[in-house]
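Residue numbers (this note's numbering), protein chains in the order written: chain A, 579 to 1418; chain B, 928 to 1543.
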Amino acid sequence: MRFDLDGLEVFFPYDRIYLEQHQYMRCLKQSLDAGGHCLLEMPTGTGKTVCLLSLITSYQYANPSAGKLIYCTRTVPEMNHVMEELATVLDYRARMLHPEQPSEVEISCSSGDMEDIGGTTADRSSKRARKVYRREDSGKAPMGPSSSRAGAGGSGVLALCLSSRRNMCIHERVMAESDREAVDSACRSMTASWVIEASQKKPGSMETCAYYDNFQAAGESTSMPSGVYDLDELQKWGKSRGWCPYYLTRQAINHANILVFNYQYMLDPKVAKLVSKELGAESIVVFDEAHNIDSVCIEALSVTINDRGLEQATRSLGRLSSEVSRLKASDSQRLQQEYQNLVNGLIDQGLIQAPANDAALASNVLDPDVLNEAVPGNIRRAEHFVQFMRKVVEHLKTRLRSVAGPTGGVRSETPLAFLHRMTNGTSLETKPLKFAYSRLSSLLRTLQVSNLDDYNALTDIADFVSLLATYSEGVAKFAIIMEPNSSAIPGVTDPVIQLACLDSSLAIAPLFKRFGSVIITSGTLSPIDLYPKLLQFEPCISESLSMSTFRPCIRPLVITRGSDQLAVSTRYEDRGDMGVVRNYGAMLVELCSTIPDGVVAFFTSYSYMESLISEWDAIGILRELTKSKLVFIETKDVVETTLALDNYRRACDCGRGAVFLSVARGKVSEGINFDRHYGRAVIIFGVPFQYTLSHVLRARLEYLQTHYQIREQDFLNFDALRQASQCVGRVIRSKTDYGLMILADSRYTRHDKRSKLPKWILQFMDDSCINLSTDMAIAHVKSFLRLMGQPVDQEALQSVLLTVEEVTRMNPARPTISAGEGGAMIMDEHNSAAMASSSA
Amino acid sequence: MQVDEKRYSQVIFQKQSGELVLTETGLQFGTWQISWTQLVKHQVSPASYPKALLKLVLQGETNATFQLSNRTDLEQIRKEISIHLQQRSKKRPHSEVAIVTYGAPLDATATAVTRASLLAAHPSLRQQHAYLVQETCTLTEDEFWETHQHLLQEEHARISGLAQAGRSSFMQSRLPTSGRITLGVEEMRQIFIMYPAVHKAYEEKVPLELSDEQFWRKYLESEYFHRDRGRLGTVARNHANGEETNNNKNGKKPSGPSMEEQDARAAAVGTDDFFSRYAQKLQQEQKPLDHTKVGRRLATGQFDLASTLETERGHLLQGPKDNHPSNVHDDEKGARVIAKYNRHWAMVLHPDDAVAGADLLNVARQSPLQVLPDDEDAKWGGGVHREMQRLVGFAEATEEEANHADGRKADDAYEPLSLKNVEAYYSFKQSGNNTTTETSEEANERYKVFANTILGNVNALVQELVADETKLTELPPTCFPPPKLGRELLSALTKKMAADARTDSASLAMVEQLPSEFREKLQIYFRRCSELLRHFFALRQMKNSGEKLARIVLGMETFYRELDTMRKSFPHTDAGNMMQKMCLPLMDQLDWAFKLHREGSGVGGGGGFVTVEEIY
């Protein structure tokens, strides 16, 4: 449908729309208009992605001055999914704008694609009215270059996605490598500038990548026709032209309108400089599935150093110094050149991108000294720098030894204290330390090292000291935590020094400063008022939307007791109790024998799951379980888990039914959907708290308490509950879907826990659903399933879907207000009135 | 050997003091005789008990309790009786013992299911079944399966996911380190389970290229056999000794293989070893499974967790981490349970797809090894620990498949230790590439050297004995053959062996010439013959089997005639003669069986039909 939203024409590729989708778009638009950040929570499975995409692309179309859309996803499958949705949206828009191309375009009832918002194929075909506009010929959203429409009107959009070389490379030999690091170094060994130079001087002397050569040869003439390119399409396009898709994409970023990539390209300062330099301040940044964004931010700036790393670093230094002396003998010119560059400062050398005259763009990850000044004299010479780093490494080794030694133990220091000891111990100055990371990159480049992974450990150490020196002053936003034993294996000491970032706003702050609109959205952001505190920003819109339903398709149940009325909990002191183990087991067996098809169960941690499973195996519960369901279990091995998931689906498909045992903080708990018969129920055994004895966590809690006034228990509850709601949110992916959410722990009855669940779950949770024992819960389950098992009431379903007319009615023409600044505030008022009228 | 009589004095039985005598036939107290056959079992009083009591449980539920004068006597008599009882139980037919050791009988449904699944899985078994039960009615359904009890039990275990344990020790008992080796059906089956390569070789080579006997002889001579020999023995002993070895573990290292074994191994080097080739082939077939590229275009539905982990700093994107420390003690156990259930689906859903993700074959093969406690040796090859496997794979890789990343073979400086170059570790180190180009003269030369070495050892031994034992000095010097004769004998033998051992390619070429229908026919005849003989020998050991035995013999006779007719129908050409010759071993075996049957007595070769004697 094509409708008017507060003066903006929105192209929405379905002919009906949910109320919350409309609200969601309205919020988005208001925040874009206001040029501010926003925080939006919308239930899973209500078509968040399509709303985001269709509104922002429509906005871009209406306001050509609006910048790029930068869409950040967490996983590669999610990225592919976004690209698919995007293709649908853009295709629809192109057809609406150019209806004169009927041969290529037809309106059809979508078939085949199961993953979008409509639910199953069967679901969709029964919903006669809800059509999706897709091309008939492919049955799939059109991808790739859209030659016929290139440059025509507003549809000339270039949408790209970027991933690592491993996912993009098309060179046969490089592709044969299995892991990322091998792929990277194989690629670098053929594409590095000095390799290219050498091969130009003496053709055939070095192996180069034909795709890269072709790409370079084409030079500036390389341009991509507009269209939507996902990873496959990029590879195809690259192959057809003989161009390297990875480098092509990196270059094409400049003129792409829509970019889709991983969080790290925005948040990790080391990677971000690759791409973010080209992004204008007017760009719109979207973080999807962003409920864990604070953890990602923290991880991006934390460094861990252990024994092995230090040893490796020592070896790397040895290699470096021999390289340096070799180079000195053979080509001292180059070293001299580097020295000159360093005198001139890092920016001139091109190691750090100049902040382009815009003060707002300055990264606060790098000290202004590093940006503006020349590299200190004592580390300019390569051999001096190697010596310098050697001292640093030796000092860290001593510290590590003392931690592991007899007088050692867990220690926590502020960066300042740590730095003080380091400068005292090594008689090094603080200032050169700040430059360590940049200086090392420069050296590696001068020495023409293609296999950067050999120097990973050294790079980490340089990163460590640079961060340390940069953030030693002022409020301690980092903590140094030294632990004598991080290893899980008893008897093996593996001491570590961790530079833990405590402030999640540090990594993301440059983004808030630099970009006009940063949109943080997810299915679970409750309690929504905590995020602005954690990330230190002021959203102009912060909204948690509830779900419009035609039937109560979610049934949250809180089971607090087993059938024997004994309270069940994974509280540390209770979890080993045989009664709890048995009750949890019996609960799972009973639920599995009542609930058809797929059931997913989450445990609080791998170790707890493993011990519980061995117990269950011993007392015969698993055998009992296999009578009604096949059992699949998540492991730490990615491939095995993937296979287990795949077979789980197969078991659900064939009707045998299956139960998937998983971990609340594992890989499956996010991003994998258990919709429809793949998940009729999700059970969470226990409250998935973080490991509270972790020293890093303790330091962070302390920091939050003193600086942001977030109480320890509040944060822990918040963190556990967002994890729990992520897990239970897996169960429902569309409105015709239904599912049980079973929270099995006596602690869930408490208000401080329950209140932190998202609004759209709480709206289905009444008093009869809490504080149940297993047998009562079974009765609930039975009645719920009987109700939901009935055919979908089409009339009722239609009632929650708004038609174009209804949408127009909600948005009466208001000529006095244009889509400009200030409009947002007025609209808000109107919005609530409209909602009231529509729900009445 | 046993001393004929053992006497224990001051033994009290029913308040009478007297002398207890152990003889070959039984026990004697005064005038009262107890024969060994009467004795079911014996018990002794615990060490804490003041009196030294011996209780004998006799047939018919009667007991007799003797009080011995002291503890040492009691210990001794206990051992003596144990030995006697063991000897007696050994004489019992083999198959009977084997059946008893396995689990409880299956219920009717399970039996039917297991039988059906077995027949479906094994074409040769199906053929036998069709021939023996359905066509000729030589056996009834139950009789047929009685002899396949092992297969049934195993299949049932496989279906229901049970693990079986403790077979290797059983095998050990039947394979002495030297002298006469008797291979029964059970032993062969064990070998096949343990070494799939041998099974493959057997299926392909027997009976066309090699006769059954030749095959087993080759196996016993091959380095493939000698390679793990002793290892399994150690494991079995460890298992048998149980806690004892656990306690002593730190005390002393197990000594290496005995001299005898070393010599045997040395002799095995250089014999044509097709088993290793088969093992290699099997390994290669399995390889694609082992080295699936992680995550790259994983052909499994929509889930690809690896693609994300493999981006720049993938750990950032995994979402929140599970920081909980893992509980190490349960790790192994939990992991095993998880592995079990993650493979369970294959049994239920698609047995055909089972190989896609789960290497069931391997899992099944490992299970008997897995349950042995503390078996460090058994981890070889079929090992429990992946790391161990990796290391072994490392050492075994050839230069072509060397791959550092996969942990196969090390840098070029490292020469992999395999049995092929084991000479490098002996004193008579040969220079250069002795494995590849070796003429028959050289080979003979080398055999001679081996023979000399062995002879030297024997001589040294004899001299030692002569020096030590005064009694033995009386031995006339002629009691040992003169060294020269021995040397000649050995060289003659080795020459014969060398001449006899046709190369594989030669026999293969010969076989290729034969018409394929004959080959198929012979294959079938061979299986039938084996099956009939197996039944024959099994039934012979059982009492009250006269009627069945007669039926089997009848079946054998029919079969013999059939075979004979076929043999006579061959034309008198070269190929025809050869084909006639190839039928002969089968007929010989049958002849032998008939002879035994006619005589109606005599001890057969265990439960099987092939007897192999080693040459020294």
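All C-beta atoms, glycine included, are put in the ideal place defined by N, C-alpha and C.
Remember, it's a predicted structure, so these values are computed and weren't measured experimentally.
Is the CB-CB distance between residue i and residue j below 9 Å?
| i | j | result |
| --- | --- | --- |
| Asp1175/A | Cys1131/A | no |
| Leu1030/A | Thr1024/A | no |
| Val838/A | Ala737/A | yes |
| Cys822/A | Cys875/A | no |
| Asp866/A | Thr1182/A | no |
| Leu583/A | His600/A | yes |
| Ile1083/B | Ala1037/B | Note on residue identity: the sequence assigns His, not Ile, to residue 1083/B. In contact: His1083/B and Ala1037/B (Cβ atoms closer than 9 Å). |
| Gly1307/A | Val1177/A | no |
| Lys1331/A | Val1241/A | no |
| Ser777/A | Ser783/A | yes |
| Phe590/A | Tyr639/A | no |
Which of helix, strand or coil does DSSP assign to residue i?
| i | result |
| --- | --- |
| Leu978/A | helix |
| Pro1062/A | coil |
| Leu1420/B | helix |
| Asn884/A | strand |
| Ser1126/A | coil |
| His969/B | strand |
| Ile876/A | helix |
| Arg934/B | strand |
| Ala1236/A | strand |
| Lys1495/B | helix |
| Asp584/A | coil |
| Arg1133/A | strand |
| Ala770/A | coil |
Count the other CB atoms, across all protein chains shown, that sit within 10 Å of the CB of residue i; report buried if there are 16 or more and exposed otherwise.
| i | result |
| --- | --- |
| Ser742/A | buried |
| Trp959/B | exposed |
| Cys747/A | buried |
| Ala1387/B | exposed |
| Ala995/A | exposed |
| Lys968/B | exposed |
| Ala754/A | exposed |
| Pro1073/A | buried |
| Glu1369/B | exposed |
| Asn919/A | buried |
| Glu1170/B | Unreliable placement is indicated for Glu1170/B, whose pLDDT of 39 sits below 50; no coordinate value is reported for it. |
| Glu932/B | exposed |
| Tyr1150/A | exposed |
Contacting positions in the stretch 1030-1049 of chain A - beta carbon closer than 8 Å to chain B: Correct list: empty, as no residue qualifies.
Inter-stretch contact at 8 Å, needing at least 3 Cβ pairs: the stretch 1134-1150 of chain A / the stretch 1317-1335 of chain A: By the Cβ criterion, the stretch 1134-1150 of chain A is in contact with the stretch 1317-1335 of chain A, since at least three pairs of Cβ atoms, one from each stretch, lie closer than 8 Å.
Under 9 Å (Cβ pairs) to chain A, residues found in the stretch 1031-1045 of chain B: With the criterion set as a beta carbon lying under 9 Å from some beta carbon of chain A, the stretch 1031-1045 of chain B has no members that meet it.
Chain-ordered residues of the stretch 1209-1223 of chain A with a beta carbon less than 8 Å from chain B: Of all residues in the stretch 1209-1223 of chain A, only Val1209, Phe1210, Ile1211, Thr1213, Val1216, Val1217, Glu1218, Thr1219, Thr1220, Leu1221, Ala1222 and Leu1223 place a beta-carbon less than 8 Å from a beta-carbon of chain B.
Contact set between the stretch 1226-1242 of chain A and chain B, restricted to residues whose Cβ is under 9 Å from the partner: Result list: Tyr1226, Arg1227, Arg1228, Ala1229, Cys1232, Arg1234, Ala1236, Leu1239, Val1241 and Ala1242.
Inter-stretch contact at 8 Å, needing at least 3 Cβ pairs: the stretch 1275-1282 of chain A / the stretch 1213-1223 of chain A: No: the two stretches stay apart, fewer than three of their Cβ pairs being nearer than 8 Å.
Against chain B: residues of the stretch 1112-1145 of chain A by CB proximity under 8 Å: If the cut-off is 8 Å between Cβ atoms, the stretch 1112-1145 of chain A has nothing near chain B.
Cβ contact check for the stretch 652-660 of chain A and the stretch 1237-1255 of chain A: 3 or more pairs under 8 Å: Result yes; three or more Cβ-Cβ pairs closer than 8 Å.
Near-chain B residues of the stretch 1190-1202 of chain A - C-beta to any C-beta below 8 Å: Residues Ile1191, Ser1192, Asp1195 and Leu1200.
Residues within the stretch 608-622 of chain A neighbouring chain B, beta-carbon criterion of under 7 Å: Contacts with chain B (Cβ-Cβ distance below 7 Å) from the stretch 608-622 of chain A involve no residue at all.
At least three beta-carbon pairs within less than 8 Å, the stretch 942-958 of chain B to the stretch 997-1010 of chain B: Counting Cβ pairs under 8 Å, three or more are found: they touch.
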